[in-house]
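Heads up: the structure comes next, in structure tokens.
In the UniProt record's numbering, the protein residues as written are 1 to 153.
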């Protein structure tokens, strides 16, 4: 979904509307409330986590620590730590969690989404910020580019 680690950490169970398939993000970096579509696959993974993996707790946060105090929410730092651990477990040397947002943006562009759509999903106010995330494959673009009208090539 392209969420920042703080968005993941702040996610509450009540923020997910399972029937409509949306997630409401509150207390975001931009200090606004955003509503995003919940992809079916992501929703199913969340249901599996909530039913089978999440420790028992009265905490309303979706994600709580597996070890120690389950009655407190995960922090953004803990989310980044889980992502670093997952990278390491599969043998990747890159450890920045923000790379997942970049990959998300690139996949959206590659599948035909407009930069405006990508900006909306990443919750960017500026398309120039989105351009940093959605790096385009220039060699592939050059291979399919049409010649400039009036040029010989």
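In this text, a Cβ means the ideal position worked out from N, Cα and C, and glycines have one as well.
- Beta-bridge partners assigned by DSSP to residue 24: 35.
- The bridge partners DSSP lists for residue 17 are 22.
- Of the other Cβ atoms in all chains shown, fewer than 16 fall within 10 Å of the Cβ of residue 129; this residue is therefore exposed.
- Boundaries of the alpha helix (DSSP H) around residue 41: 40 to 48.
- Across the set 98, 72, 71, 69, the C-alpha of 98 shows the shortest separation from the C-alpha of residue 81.
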